[in-house]
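Chains as they are written, first to last, in full-length UniProt numbering: chain A, 1 to 138; chain B, 1 to 138.
Presented below is the structure to which this report refers.
Number of protein chains: 2
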Amino acid sequence: MDILVDALTTVISGLHKTIRRSFSDSSSFSLTELQTIALINRNGKILPSELATKTKITTPSMSQILKKMEMRGIINRQSCDSDKRKVFISLSKAGKDIVEQARFSRNEALKTLIDARLNVDEIKILEQALPILQKLNA
Amino acid sequence: MDILVDALTTVISGLHKTIRRSFSDSSSFSLTELQTIALINRNGKILPSELATKTKITTPSMSQILKKMEMRGIINRQSCDSDKRKVFISLSKAGKDIVEQARFSRNEALKTLIDARLNVDEIKILEQALPILQKLNA
DNA sequence: CTATTTTCGTTAGGTAAACTAACTAGTTTA
DNA sequence: TAAACTAGTTAGTTTACCTAACGAAAATAG
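Right under this line is the structure:
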């Protein structure tokens with residue numbers, strides 16, 4: 001069990017470095033930023049605090065990300081009528097374009113690694129393990 | 001396949017944040033630093049360049065980490081006789097103490113998560129997936 | 001054998017992605 | 001209706017890396 005935890009930690013740390021590097025090389029968005037865009041897209045509209053929780057960063061950090069995205073014209077803000085403190089975030093046209101484009105360009109690094117190093121059976125095991133990892137990450 | 005890659009990316013990113021946070025709260029060493037200590041411990045003596053490769057950072061970054069560790073009295077340097085450019089890194093007494101102590105304190109966060117959220121079967125699947133993830137991370 | 005290139009490690013300086021502390025404004029509770 | 005809480009933001013800081021440039025040692029080429 002300790003061995004599992006240690007090895008999992010190493011693997012997560014290493015893969016994270018690989019993925020982060022390939023993102024900053026190719027995409028002008030960080031991993032968290034692309035996840036934010038994906039979450040907004042999936043939800044239609046969503047609050048900054050929810051985005052922060054789901055991406056596991058603080059609200060001030062999310063605030064910065066949204067500020068940058070607003071300046072780039074990727075998102076729209078719409079303040080809530082029933083509670084004026086709340087701000088609904090949604091994607092602009094430009095933001096939706098990024099989602100479409102990201103569908104192809106996103107995460108080539110990991111995809112290439114999987115293609116190059118894993119066989120069909122191994123990918124199957126990975127698919128089985130995925131919901132378990134998601135449970136840990138929830 | 002794209003879904004697998006995307007979901008895996010999200011999971012790795014999220015778990016990485018969780019793990020990193022719990023490390024910086026409890027340990028005064030970063031994840032990479034603790035991995036470095038573990039690698040030195042496992043190898044007895046090892047070169048900075050090897051440590052950089054295995055932790056997936058650049059040699060200058062590793063140089064900084066080793067400098068900090070030397071100042072803290074955690075490692076010893078011993079220059080190689082047959083090749084004077086090389087420097088063997090090994091753990092001092094204080095470094096070995098950290099390894100012992102880390103064996104218990106290390107990564108409580110992930111261990112707790114696994115205990116709380118996964119059953120025996122799920123842990124088994126995770127154990128099967130581990131060598132595959134290691135293959136990706138190699 | 002000398003001159004060039006390569007390798008190992010380091011230093012200096014810079015940057016991205018996060019953080020904390022402190023604030024404003026709106027909402028709920030006592 | 002005053003106090004406490006919540007949502008979001010701003011300002012400033014920290015962390016964990018990076019690149020560029022370098023010195024010293026070793027390997028290779030002419």
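Ideal Cβ positions, reconstructed from N, Cα and C, are used throughout, including at glycine.
Model, not experiment: these values are computed from the prediction.
Contact between the region 111 to 126 of chain A and the region 73 to 84 of chain B is absent: fewer than 3 CB-CB pairs across the two stretches fall below 8 Å. Looking only at A:L126, A:K93 and A:Q128, the smallest Cα-Cα distance to N41 of chain A is reached by A:K93. Following the DSSP letters along the chain, one finds S90 of chain A inside the beta strand (DSSP E) bounded by residues V87 to L91.
A contact is defined here as three or more CB-CB pairs under 8 Å, and the region 43 to 53 of chain B fails this definition with respect to the region 15 to 33 of chain B. Near chain B, meaning a CB-to-CB distance below 7 Å, the residues of the region 41 to 67 of chain A are K56. Look at the region 104 to 134 of chain B: the residues with a C-beta under 8 Å from a C-beta of chain A are R106, N107, L110, K111, L113, I114, R117, L118, E122, I123, I125, L126, E127, Q128, A129, L130, I132, L133 and Q134. R72 of chain B has its alpha-carbon roughly 31 Å from the corresponding atom of T58 of chain A. Between the C-alpha atoms of L118 of chain B and L130 of chain A there is a straight-line separation of about 13 Å.
For I19 of chain A, the chain B residues whose C-beta falls within less than 7 Å of its own C-beta are T9 and I12, listed in chain order. Here R20 of chain A carries a helix assignment [DSSP, helix/strand/coil]. For N76 of chain B, the nearest beta carbon of chain A is not closer than 9 Å to its own beta carbon.
As computed with DSSP, R77 of chain B is found in a beta bridge with B:I89. Within a 10 Å sphere around the beta-carbon of A109 of chain A sit 16 or more other beta-carbons, which makes this residue buried. Each residue's CA atom was taken as its position, placing K68 of chain B and V99 of chain B some 17 Å apart. In this structure, DSSP gives K67 of chain B a helical state, which the three-state scheme calls helix. In terms of beta-carbon proximity, M1 of chain A lines the interface with chain B, with at least one pair separated by less than 9 Å.
Taking C-alpha positions only, L126 of chain B is separated from I132 of chain A by approximately 7 Å.
DSSP places K54 of chain B within a helical segment (H, G or I) once states are collapsed to three. The beta-carbon of V99 of chain A is placed no less than 9 Å from the nearest beta-carbon of chain B.
Going by beta carbons, N137 of chain B and T10 of chain A fall inside the 9 Å limit. Rounded to the nearest whole angstrom, the C-alpha separation of G95 of chain B and I89 of chain A is 49 Å. In the DSSP annotation of this structure, the continuous segment of the alpha helix (DSSP H) that includes I40 of chain B starts and ends at L31 to N43. Under the 9 Å criterion on CB atoms, T36 of chain A is classed as non-interfacial with respect to chain B.
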